[in-house]
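Q:
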Amino acid sequence: MNKRALTIGLIYSLVVIVFKLIILLGGFTLTRFGFYYSNVVGIFMIIPFFIFAIQQVRDKDFGGVISGKDAVRMALTVLAVAAVLLTLYNYIEFNWKFRDIAVQYYNSPEYLKILNEWQVKSPDKVKITDFSKIISEQINGLSAGKAATGKLFPLILIGLSGAFISAMIMKRGNKQQHLN
Numbered sequence: 000m001n002k003r004a005l006t007i008g009l010i011y012s013l014v015v016i017v018f019k020l021i022i023l024l025g026g027f028t029l030t031r032f033g034f035y036y037s038n039v040v041g042i043f044m045i046i047p048f049f050i051f052a053i054q055q056v057r058d059k060d061f062g063g064v065i066s067g068k069d070a071v072r073m074a075l076t077v078l079a080v081a082a083v084l085l086t087l088y089n090y091i092e093f094n095w096k097f098r099d100i101a102v103q104y105y106n107s108p109e110y111l112k113i114l115n116e117w118q119v120k121s122p123d124k125v126k127i128t129d130f131s132k133i134i135s136e137q138i139n140g141l142s143a144g145k146a147a148t149g150k151l152f153p154l155i156l157i158g159l160s161g162a163f164i165s166a167m168i169m170k171r172g173n174k175q176q177h178l179n
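Okay, structure coming up:
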């Protein structure tokens with residue numbers, strides 16, 4: 000494992016953890032951005048770190064020339080470090096604060112509004128008398144493992160594709176440098 004890629008993976012993880020802590024401790028978790036978009040933004044933040052890691056390794060360790068295979072390996076190192084650290088953080092975050100926030104959300108007027116909309120769309124499937132049962136099932140189904148895995152899957156999906164694209168972009172840029 001390359002030390003530069005490992006360090007950049009650690010830095011990315013710290014940046015995302017600080018970003019998530021600002022949202023969590025700032026009380027923005029149940030806002031539109033905090034609830035729907037913050038995880039995706041944190042995941043897409045990895046792409047500049049891929050490019051930076053490949054560029055650093057290419058220029059400082061490989062003398063300005065890097066193969067596609069080595070570039071992918073550097074990006075995947077960043078992704079592997081991020082996957083481990085962010086999954087651990089998400090697990091801890093869920094047990095520390097997010098379980099209580101989820102319970103608060105399921106008992107909120109916003110969630111009742113969603114249940115009402117479902118009831119209007121499918122009155123034969125969702126009944127108003129079942130709302131308390133649905134809410135208790137949602138709360139009983141909360142799990143730190145599910146929450147961590149649910150956030151890990153998009154990281155892996157976007158991270159793998161981002162790693163390959165970043166590696167090919169950096170490799171192509173490398174070929175153009177040597178042609179001039």
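Numbered by numbering that gives the first Met the number 0, the letters in the sequence shown go through residues 0 to 179 in order. Using N, Cα and C, we set each Cβ at its ideal position, and we do this for glycine too.
#1: How is Phe61 classed by DSSP in three states: helix, strand or coil?
#2: Can you round the beta-carbon distance between Pro153 and Ile45 to whole angstroms, since I take them to be within the 8 Å contact cut?
#3: Alpha carbon to alpha carbon, how far is Thr203 from Tyr110?
#4: Can you find the residues in the same chain that come closer than 7 Å, C-beta to C-beta, to Tyr104, ignoring five residues on each side of it along the sequence?
#5: Among residues of its own chain, excluding the 5 on either side of Thr86, which ones have a beta-carbon nearer than 6 Å to its beta-carbon?
#6: When the Cα of Asp69 is compared with those of Ala52, Asn106, Ser37, which residue comes out closest?
#7: Are three or more beta carbon pairs between the stretch 2-10 and the stretch 69-81 nearer than 8 Å?
#8: When you compare the stretch 134-142 with the stretch 86-102, are there three or more beta-carbon pairs, one atom per stretch, that lie closer than 8 Å?
#9: Are there 16 or more other CB atoms within 10 angstroms of the CB of Asn89, so buried, or fewer, so exposed?
#10: Should Tyr36 be labelled buried (16 or more other beta-carbon atoms within 10 Å of its own) or exposed?
#11: Just to confirm, are Val77 and Phe48 a CB contact at a threshold of 8 Å?
#12: What are the uninterrupted segments assigned as alpha helix (DSSP H) that are 4 or more residues long and contained completely in the stretch 88-147, given in chain order?
#13: Check whether the Cβ of Ser165 sits closer than 7 Å to any heavy atom of the ligand SAM, and report yes or no.
#14: Phe49 lies in the alpha helix (DSSP H); which residues open and close that run?
#15: In whole angstroms, what separates the C-alpha of Val80 from that of Gly25?
#16: With C-beta atoms as the reference, is Met167 less than 8 Å away from Gly67?
#17: Can Ile127 and Gln118 be called in contact, C-beta distance under 8 Å?
A: With the structure as the only source:
#1: The sequence position of residue 61 within the sequence shown is 62, counting from 1. Coil at Phe61, not helix or strand.
#2: Within the sequence shown, the letter at position 154 stands for residue 153. Within the sequence shown, the letter at position 46 stands for residue 45. Not a contact, Cβ separation roughly 11 Å.
#3: Here the chain comprises residues numbered 0 to 179, so residue 203 is not present and cannot be evaluated.
#4: Translated into the one-based positions of the sequence shown, residue 104 becomes position 105. Hits under 7 Å: Leu29, Tyr110.
#5: For the purposes of this step, residue 86 is identified with residue 87 of the sequence shown, where counting begins at 1. So the list reads Ala147, Leu151, once near-sequence residues are dropped.
#6: Within the sequence shown, numbered from 1, the residue matching residue 69 stands at position 70. Checked all of Ala52, Asn106, Ser37; the closest Cα to Asp69 is Ala52.
#7: yes
#8: yes
#9: Taking the first residue of the sequence shown as 1, we reach residue 89 at position 90. Classification for Asn89: buried.
#10: Sequence index remark: in the sequence shown, residue 36 carries index 37 (1-based). Exposed: under 16 other Cβ atoms inside 10 Å.
#11: In the sequence shown, the residue the question calls residue 77 occupies position 78. In the sequence shown, the residue the question calls residue 48 occupies position 49. Closer than 8 Å, so yes.
#12: 98-105, 108-120, 130-139
#13: What this structure holds is no ligand at all, so the ligand SAM is not there to describe.
#14: By one-based count along the sequence shown, residue 49 stands at place 50. Unbroken alpha helix (DSSP H) run through Phe49: 45-55.
#15: Mapped onto the sequence shown, residue 80 falls at position 81. Mapped onto the sequence shown, residue 25 falls at position 26. Answer to the nearest angstrom: the Cα atoms are 27 Å apart.
#16: In the sequence shown, residue 167 corresponds to position 168, counting from 1. In the sequence shown, residue 67 corresponds to position 68, counting from 1. Their beta carbons are under 8 Å apart, which means Met167 touches Gly67 by this criterion.
#17: Numbered from 1 along the sequence shown, position 128 holds the residue referred to as residue 127. Numbered from 1 along the sequence shown, position 119 holds the residue referred to as residue 118. Yes, the pair counts as a contact, with Cβ atoms nearer than the cut-off.
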